[in-house]
Amino acid sequence: MIILGLDPSLTCTGWGIVRAEGSRLTHLANGQIATDAKAPIAERLHHLHDAVAAVIGTHAPDRAAVEEVFANKNPQSTLKLAQARGAVLAACGRAGLPVSEHAARLVKKAVVGTGGAEKAQVQAMLKVLLPGAAIEGADAADALAVAIADAHLGGNS
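Mapped onto my numbering, the consecutive letters of the sequence shown carry residue numbers 965 to 1121.
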């Protein structure tokens, strides 16, 4: 089973792909998709959609997983996150991928063992779970964590 984990953001969306064979995980790829903050929102969303579609086309995952949306204190930030998630989910839907959504606390618990884990703890555990993987940044690390959580949860949360 090849799983695409996604950490959507209008600024920089992380993606990570793992192969799950029973309880064994193998890192396949990861990266980050940045958008130009000066570009119009529609252009940024189009770029995000097309870049995720390209990742799907290149790596042919069996399913995808994203972190559930959370409400920020700033309504504008929440709206931008929702728009980015829409572009990412549309790319998955167009490719016919089933998509699971997992709460951030559940992702942390699946990877580290506690839902209150800090980002540094998640990144340290990724090095243990995916030895030798060159992780391209914090957003890619978050996406790999989502993919690992999905592997452990069997696509359900």
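For each residue, glycine too, the CB sits at the ideal point set by N, CA and C.
>> Going by C-alpha to C-alpha distance, which of 1053, 1111, 1107 and 1048 sits closest to residue 995?
In response: Looking up residue 995 in the sequence shown gives position 31. Comparing Cα positions, the closest option is 1107.
> If residue 968 sits next to residue 1028, beta carbons under 8 Å apart, how far is it from one beta carbon to the other, in whole angstroms?
Replying inline: Mapped onto the sequence shown, residue 968 falls at position 4. Mapped onto the sequence shown, residue 1028 falls at position 64. Indeed they touch by this definition, with Cβ atoms about 4 Å apart.
> Would you call residue 971 buried or exposed, if buried means 16 or more other Cβ atoms sit within 10 Å of its Cβ?
Replying inline: Working through the sequence shown from its first residue, we reach residue 971 at position 7. That one is buried.
>> Using a Cβ-Cβ cutoff of less than 6 Å, which residues in the same chain neighbour residue 1085 once the five nearest sequence positions on both sides are dropped?
In response: Against the sequence shown, residue 1085 aligns to sequence position 121. 1076.
>> With H, G and I counted as helix, E and B as strand and the rest as coil, what does DSSP make of residue 1131?
In response: The structure shown does not extend to residue 1131, since the chain spans only 965 to 1121, so no value can be given for it.
>> Within 10 Å of its beta-carbon, does residue 1082 have 16 or more other beta-carbons around it, so buried, or fewer, so exposed?
In response: Stepping through the sequence shown from its first residue, residue 1082 is reached at position 118. Answer is exposed; the Cβ neighbour count stays below 16.
> At what residue ranges does the stretch 966 to 1020 contain a whole run of the beta strand (DSSP E), taking only runs of 3 or more?
Replying inline: 966 to 971, 976 to 985 and 988 to 998
> Would the stretch 980 to 994 and the stretch 1061 to 1071 be scored as touching if the rule is three or more Cβ pairs under 8 Å?
Replying inline: no
>> Checking 8 Å against the spacing of the C-beta atoms, do residue 997 and residue 1015 come in under that value?
In response: As a first step, residue 997 is located in the sequence shown; it is residue number 33 there, counting from the start. As a first step, residue 1015 is located in the sequence shown; it is residue number 51 there, counting from the start. Contact: yes.
>> Going residue by residue through the stretch 1021 to 1055, where are the continuous beta strand (DSSP E) segments of at least 3 residues, counting only ones entirely within it?
In response: 1027 to 1031
>> Restricting to Cα atoms, I'd like to know which of 982, 974 and 986 is closest to residue 999.
In response: One-based indexing of the sequence shown puts residue 999 at position 35. Comparing Cα-Cα distances from residue 999 to each of 982, 974 and 986, the minimum goes to 974.
> Counting along the chain, where does the beta strand (DSSP E) carrying residue 1100 start and finish?
Replying inline: Indexing the sequence shown from 1 puts residue 1100 at position 136. Run containing residue 1100: none; DSSP gives neither H nor E here.
> Which word fits residue 951, buried or exposed, when buried means at least 16 other C-beta atoms lie within 10 angstroms of its C-beta?
Replying inline: Nothing about residue 951 can be reported from this structure: the residues present for the chain run from 965 to 1121 only.
> Is residue 1055 near residue 1020, with beta carbons less than 8 Å apart?
Replying inline: Start at 1 with the first residue of the sequence shown, and residue 1055 comes out as number 91. Start at 1 with the first residue of the sequence shown, and residue 1020 comes out as number 56. It is a contact, given that the beta carbons lie within the stated cut-off.
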